[in-house]
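Participant: Residue numbers (our numbering): 1 to 295. By construction, the Cβ of each residue, glycine as well, lies at the ideal position given by its N, Cα and C atoms. Predicted model, so just to flag it, every value in this text is computed and none were measured. One structure, pasted below without further comment.
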């Protein structure tokens, strides 16, 4: 199903779209979803990538059930959770591969959101460090008329306040690259060049980019060459089929087997998280995506 391009879209809005898409099919019970996971021919543990999955894409499935399925197909963890979810994933021997923080549209490029964003990032860093996990997400936010150069200066100013906290906690802040063409109109960090320059200016191994393959295919393409050239600035990856942000199979234009191999060949210590909205049986689609990306 097509996603709304309205500028106010956030993952919460996309989650509603995902829920509607899944609701078109039967609700999955534990036995059914377990059968899907067990039916995967290969485990992600057999490959070189540390694969995980984004929670918000599976709104009709409980976190406990998603964790159970993730464990069965060899995933190492779940992306985009908050502290109330931690005990559930720990029960399954999983980690939170990306901890949430502040709102997507109200980010670091606009000084009026600095105080609240930094407060929420600080809390996320503390919670992540307590579990000895690695990643916290952050966002540039929307431009709201702010020039990209000024916005970068504002981001640098904010990040130089919080990055020392991340360094001390051994946590990496990851600013996500998102498309401003289809899903997140007016978002500032919408291209690799801008994001990589920000990483250089901040100058810390504890600040990197979340390279979302779906989003950057929309904005600029040339995915594998970009990954090979700029991978030192990338701390995390998200998948998603284009167009539509659905399954990453032959129904869309990206060659995820080749992309997964290119990332694995770089031997970076990163997580590779699936963030597509399934339009078929959700956990079966997840197991298929995991198997496709075993390289």
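Under 9 Å between C-beta atoms, does residue 102 make it to chain D?
Facilitator: You won't find chain D in this structure, because it holds only one protein chain.
Participant: So the candidates are 206, 142, 189 and 136; which of them puts its Cα closest to the Cα of residue 112?
Facilitator: Counting from one through the chain shown, the residue named residue 112 turns up at place 112. With distances taken between Cα atoms, residue 112 lies closest to 142.
Participant: Which residue marks the beginning of the alpha helix (DSSP H) containing residue 89, and which one marks its end?
Facilitator: The residue you call residue 89 lines up with position 89 of the chain shown. That run of the alpha helix (DSSP H) goes 86-91.
Participant: Using the DSSP secondary-structure output, state which residues sit across from residue 52 in a beta bridge.
Facilitator: Against the chain shown, residue 52 aligns to sequence position 52. The partner list for residue 52 (beta bridge, DSSP) reads 77 and 273.
Participant: Tell me where the beta strand (DSSP E) around residue 122 begins and ends.
Facilitator: Locating residue 122 in the chain shown gives position 122, counting from the first residue. It is not in any beta strand (DSSP E) - residue 122 instead sits in the alpha helix (DSSP H) that spans 114-130.
Participant: Determine the extent of the beta strand (DSSP E) in which residue 136 is found, giving its start and end residues.
Facilitator: Here residue 136 corresponds to residue number 136 of the chain shown, with the count starting at 1. It spans 135-138 - the beta strand (DSSP E) in which residue 136 sits, taken as one unbroken run.
Participant: By the three-class DSSP mapping on this structure, what secondary structure does residue 284 have?
Facilitator: As a working note, residue 284 is residue 284 in the chain shown. The answer is helix: DSSP assigns residue 284 an H, G or I state.
Participant: When DSSP labels each residue in this structure, what does residue 216 get in the three-state scheme?
Facilitator: What you label residue 216 is simply residue 216 of the chain shown in a count that begins at 1. Correct three-state label for residue 216: helix.
Participant: Under the assumption that residue 96 contacts residue 133 (Cβ atoms under 8 Å), give the Cβ distance between them as a whole number of angstroms.
Facilitator: Along the chain shown, one-based indexing puts residue 96 at 96. Along the chain shown, one-based indexing puts residue 133 at 133. Contact holds; Cβ gap of about 6 Å.
Participant: Going by DSSP, which residues form a beta bridge with residue 208?
Facilitator: Locating residue 208 in the chain shown gives position 208, where the first residue counts as 1. In DSSP, residue 208 forms a bridge with 174.
Participant: Residues in its own chain within less than 8 Å of residue 234 by CB, not counting five upstream and five downstream?
Facilitator: Taking the chain shown and counting its residues from 1, the one referred to as residue 234 is at position 234. Excluding positions up to five away in sequence, the list reads 208, 209, 210, 211, 227, 268 and 270.
Participant: Taking 9 Å as the cut-off, decide whether the C-beta atoms of residue 60 and residue 282 are in contact.
Facilitator: By one-based count along the chain shown, residue 60 stands at place 60. By one-based count along the chain shown, residue 282 stands at place 282. A contact, by the Cβ cut-off of 9 Å.
Participant: Can you say whether residue 168 is buried or exposed, counting buried as having 16 or more other CB atoms within 10 angstroms of its CB?
Facilitator: Counted from its first residue, the chain shown places residue 168 at position 168. It counts as exposed.
Participant: Looking at the structure shown, is residue 256 part of a helix, part of a strand, or coil, going by DSSP?
Facilitator: As a position in the chain shown, residue 256 is number 256, starting the count at 1. Helix.
Participant: Report the rounded CA-to-CA distance for residue 69 versus residue 215, giving the unit in angstroms.
Facilitator: Taking the first residue of the chain shown as 1, we reach residue 69 at position 69. Taking the first residue of the chain shown as 1, we reach residue 215 at position 215. The alpha-carbon atoms of residue 69 and residue 215 are separated by roughly 26 Å.
Participant: Closest by CA to residue 65, which one among 79, 84, 51 and 92?
Facilitator: On the chain shown, position 65 is the one that residue 65 refers to. Answer by Cα proximity: 92.
Participant: Per DSSP, what are the beta-bridge partners of residue 236 in this structure?
Facilitator: Along the chain shown, read from residue 1 onward, the residue named residue 236 stands at position 236. The partner list for residue 236 (beta bridge, DSSP) reads 210 and 271.
Participant: Which partner residues does residue 189 have in the DSSP bridge list?
Facilitator: The count along the chain shown starts at 1 and reaches residue 189 at position 189. None; residue 189 has no bridge partner.
Participant: For residue 176, tell me which candidate among 75, 100 and 285 has the shortest Cα-Cα distance.
Facilitator: Counted from its first residue, the chain shown places residue 176 at position 176. If we check each option's Cα against that of residue 176, 100 comes out closest.
Participant: When you compare only the Cα positions, how much space is there between residue 144 and residue 186?
Facilitator: By 1-based counting over the chain shown, the position of residue 144 is 144. By 1-based counting over the chain shown, the position of residue 186 is 186. Those two C-alpha atoms are separated by around 7 Å.
Participant: Could you round the C-beta distance between residue 135 and residue 196 to whole angstroms and report it? I think they count as a contact, below 8 Å.
Facilitator: By one-based count along the chain shown, residue 135 stands at place 135. By one-based count along the chain shown, residue 196 stands at place 196. With a Cβ gap of about 18 Å, residue 135 and residue 196 do not count as contacting.
Participant: Look at the alpha carbon of residue 246 and the alpha carbon of residue 217, and state the distance between them as a whole number of angstroms.
Facilitator: Here residue 246 refers to the residue found at position 246 of the chain shown. Here residue 217 refers to the residue found at position 217 of the chain shown. Their Cα atoms are separated by approximately 14 Å.
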